[in-house]
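With the numbering used here, letter number 301 in the sequence shown gets 1096, and the count goes up by one each step, no holes.
Each residue gets a CB set at the ideal place from its N, CA and C atoms; glycine is no exception.
Keep in mind that this is a model prediction, so the values were computed, not measured.
Presented below is the structure to which this report refers.
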Amino acid sequence: MQDTTREWHLAKRPQGEPDLDCFELQATDIPAPAAGELLVHVNYLSVDPYMRGRMSAGESYAEPWEIGDLLKGGIVGEVIESNSDRYSVGDLVTGEGGWAEYSCLDADAAAPVDPSVADLPAYLGVLGMPGRTAYFGLLDIGEPKPGETVVVSGAAGAVGSVVGQIAKFNGCRVVGFAGSDAKTAWLTEDLGFDAAINYKSTDDYADALSTAAPDGVDVYFDNVGGPITDAVFELLNLDARVAVCGQIAHYNAESVPTGPRKLPQMIAPRARVQGLLVSDYAPRFETAAEQLSAWVDAGKLVHRETIVEGIENAPDAFLGLFSGENIGKQVVEVAASDS
Ligand SMILES: NC(=O)c1ccc[n+]([C@@H]2O[C@H](COP(=O)([O-])OP(=O)(O)OC[C@H]3O[C@@H](n4cnc5c(N)ncnc54)[C@H](OP(=O)(O)O)[C@@H]3O)[C@@H](O)[C@H]2O)c1
796 MQDTTREWHL AKRPQGEPDL DCFELQATDI PAPAAGELLV HVNYLSVDPY MRGRMSAGES
856 YAEPWEIGDL LKGGIVGEVI ESNSDRYSVG DLVTGEGGWA EYSCLDADAA APVDPSVADL
916 PAYLGVLGMP GRTAYFGLLD IGEPKPGETV VVSGAAGAVG SVVGQIAKFN GCRVVGFAGS
976 DAKTAWLTED LGFDAAINYK STDDYADALS TAAPDGVDVY FDNVGGPITD AVFELLNLDA
1036 RVAVCGQIAH YNAESVPTGP RKLPQMIAPR ARVQGLLVSD YAPRFETAAE QLSAWVDAGK
1096 LVHRETIVEG IENAPDAFLG LFSGENIGKQ VVEVAASDS
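This is the structure:
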C-alpha cells in the first residue's frame, strides 16, 4: 500500500461557472480511522450537481465547503482497515467520503455493496443517492397514477433516467427533456420513454411538449428549472404535482434570474409544487434500496454510468455535469476493482 493519498481540496470559490482553478490536488498521509470508522481504498467517487452549491458561501440546499476543505461525496471502495464490528477487511462498502484515493468512512453510515447485483459504479447512481431521490421524489411527491403523463427534465441524468422508468412501471406516459440526440435515443429506445425532446435543438419547448404530451402534464419532476420548466408550467393539468428536485440551469447564476412570473399558471390547475430533499427520507432508505436493487437485479431498471478515469480528472468530470457530458450517472474511477 502506498503511504500517501491524493485528494482534492477547494482552492477558491467560483464566480459563476466554476473552472479548474477552483480545485487543488494535494498529497497527504493516509488517514488513520477513528473508533467506529473504516479506512477504504476508493475505487469510484461521485461528482454531483449539488456540490456546486457547496462551493459557494451563499445559501444552497447543502452546507458550504470552506476554502481549503477536502471535497466530500459518495464513494465506493474496499475496506482495508476496520474499527467497527459491522465490516471486515476486504468488504466492499459505499458511503460519504472524500474525493481521495483513501478515505475514512463512518461505519454506521456506510452501506454494503453487492457486486453480484450491479457493478460498483451503480452504487453511486441507481443504487445510491440519485436512485433514492428518484424513487421518493416521484412516488411520494409525484404520486403517479396509471394513464397519467409524467414529464422529467434532466431526463438522461442519474436521477431523471430512474424517474422516467419508475413512472413507466406505474403505467404512465413519460416524456423527457435532455440535451442531445444520443440522450433522447437512449431514453426512448432503451428506457421505454414514450417521447423525448432534445431541448438544445428545439426552439419552442411548449410547442414540442404539447405534441409529446397531448393530454397535458399531470406530474412534472424538475431537475433543471429555467425555460424548460417555464414551458412545462403552461401545460399542467388539474391537480398536477410538481416535484422540485434540482435547478441546475440556475446553479452558476450570480443572481436569481427574474422574468415573467409563472405562478399564475398554478391557479387554474390547483397544482401542488413541492421541494424535495432526499435526506428527509433517510428512515425509509432501506425500503428504496431493496426495491431498486430488485429491479436492477431483475434487469427491469436500466442504468448507465459515464466513467472518467483517474482521480486527477475528477474536477473535469464535475464540470462536465454543467455541459451535459454525462449519460446516466457521472462517476470517477479512482482505482479499478476486480469485483
Ligand atoms: N433535492 C435533492 O435531494 C436532490 C438529490 C439529488 C439530485 N438533485 C438535483 O437533481 C438534479 C439532477 O441531478 P443528477 O445527479 O441526476 O445530475 P445529472 O442529471 O446526472 O447531471 C446533470 C445534467 O443536467 C443537465 N443540465 C446541465 N445544465 C443544464 C441546463 N442549463 N438546462 C438543462 N439541463 C441542464 C445536463 O444534461 P443535458 O445534456 O440534458 O443538458 C447534465 O447531464 C440536479 O439539479 C441535482 O442538483 C437533488
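1) Determine whether the beta carbon atoms of A1077 and V842 lie at a separation below 8 Å.
2) What separation, rounded to the nearest whole angstrom, lies between the Cα atoms of G937 and F1016?
3) At the 8 Å Cβ level, is I992 part of the contact set with chain D, yes or no?
4) Which complete beta strand (DSSP E) runs does the region 1012 to 1065 hold, if anything under 3 residues is left out?
5) So is the beta-carbon of Y856 under 7 Å away from any non-hydrogen atom of ligand 1?
6) Can you tell me whether K1124 sits near ligand 1, meaning its C-beta is under 7 Å from at least one heavy atom of the ligand?
7) Hey, quick one: how far does the alpha helix (DSSP H) through E1081 stretch, first residue to last?
8) At a threshold of 7 Å, does N878 count as lining ligand 1 (C-beta to nearest heavy atom)?
9) If you reduce the DSSP assignment to three classes, tell me which class L1072 lands in.
10) Return the bridge partner residues of Y839 from the DSSP annotation.
11) Any idea if P813 is buried or exposed, counting beta-carbon neighbours within 10 angstroms, 16 or more meaning buried?
12) Among E861, A895, A977, which has the Cα closest to the Cα of P826?
13) Helix, strand or coil for P893 per DSSP?
14) Using a Cβ-Cβ cut-off of 7 Å (strictly less than) and excluding sequence neighbours within five positions of V1073, which residues of its own chain qualify?
15) Go ahead and pull the three-state DSSP assignment for I936.
16) Could you tell me the alpha carbon to alpha carbon distance between F972 and E876, rounded to whole angstroms?
17) Should the region 851 to 866 be regarded as contacting the region 878 to 889, the criterion being three or more beta carbon pairs within less than 8 Å?
18) Determine the extent of the beta strand (DSSP E) in which V1103 is found, giving its start and end residues.
19) Touching or not, the region 990 to 1000 and the region 914 to 921, by the rule of three or more beta carbon pairs under 8 Å?
20) Does the Cβ-Cβ distance between L1031 and P1064 come in under 8 Å?
21) Please classify R1079: is it buried, with 16 or more other beta-carbons within 10 angstroms of its beta-carbon, or exposed?
22) Go through its chain and collect everything with a Cβ distance to Y749's Cβ below 8 Å, but skip five positions before and after it.
23) With a threshold of 8 Å, are at least 3 pairs of Cβ atoms found where one atom belongs to the region 1098 to 1108 and the other to the region 962 to 969?
24) Just checking Q1042 against ligand 1 - is the residue's beta carbon closer than 7 Å to any of the ligand's heavy atoms?
25) From the DSSP output, in three-state form, read off R849 for me.
26) Do G893 and E802 have their CB atoms nearer than 8 Å?
27) DSSP has Q821 in a bridge; who is on the other side?
28) Short of 8 Å in beta carbon distance, which residues of its chain neighbour G974, apart from the five on each side in sequence? Order them along the chain.
29) Measure from the alpha carbon of L1087 to the alpha carbon of each residue in V957, V946, A977, L840, then state which is nearest.
30) When every heavy atom of ligand 3 is checked, does at least one fall within less than 7 Å of the C-beta of F1117?
31) Would G1021 and F988 be called neighbours here (beta carbons separated by less than 8 Å)?
32) Near E1029, which residues of its chain fall below 7 Å by C-beta distance, leaving aside the five closest residues on each side in sequence?
33) With distances taken between CB atoms, is the gap from L820 to C899 smaller than 8 Å?
34) So is the beta-carbon of M924 under 7 Å away from any non-hydrogen atom of ligand 1?
35) Going by DSSP, which residues form a beta bridge with V888?
Well, looking at it:
1) Result no, Cβ atoms of A1077 and V842 do not sit closer than 8 Å.
2) 7 Å
3) Although the question refers to chain D, the structure presented lacks it and comprises just one protein chain.
4) 1012 to 1017, 1031 to 1039
5) Y856: yes, Cβ under 7 Å from ligand 1.
6) yes
7) Segment 1080 to 1092, the alpha helix (DSSP H) holding E1081.
8) no
9) coil
10) V871, E1128
11) buried
12) Comparing Cα-Cα distances from P826 to each of E861, A895, A977, the minimum goes to A895.
13) Sequence check: residue 893 is Gly here, not Pro. If DSSP states are grouped into helix, strand and coil, G893 belongs with the strands.
14) M924, R927, T928, F931
15) helix
16) Whole-angstrom Cα-Cα distance: 44 Å.
17) no
18) First-last of the beta strand (DSSP E) with V1103: 1100 to 1104.
19) As far as the Cβ criterion goes, the region 990 to 1000 does not touch the region 914 to 921, which means the pair count is below three.
20) yes
21) By the neighbour-count criterion, in which 16 or more other beta carbons inside 10 Å mark a residue as buried, R1079 falls on the exposed side.
22) Because the chain spans 796 through 1134 in this model, residue 749 falls outside it and cannot be assessed.
23) Counting Cβ pairs under 8 Å, fewer than three are found: no touch.
24) yes
25) helix
26) Yes, these two residues count as a Cβ contact at 8 Å.
27) Its beta-bridge partners are E802.
28) A951, N993, Y994, K995, G1119
29) Ranking V957, V946, A977, L840 by Cα distance to L1087 puts V957 first.
30) Ligand 3 is not part of this structure, which contains only ligand 1.
31) no
32) A1001, Q1060
33) no
34) yes
35) Its beta-bridge partners are G872, P907.
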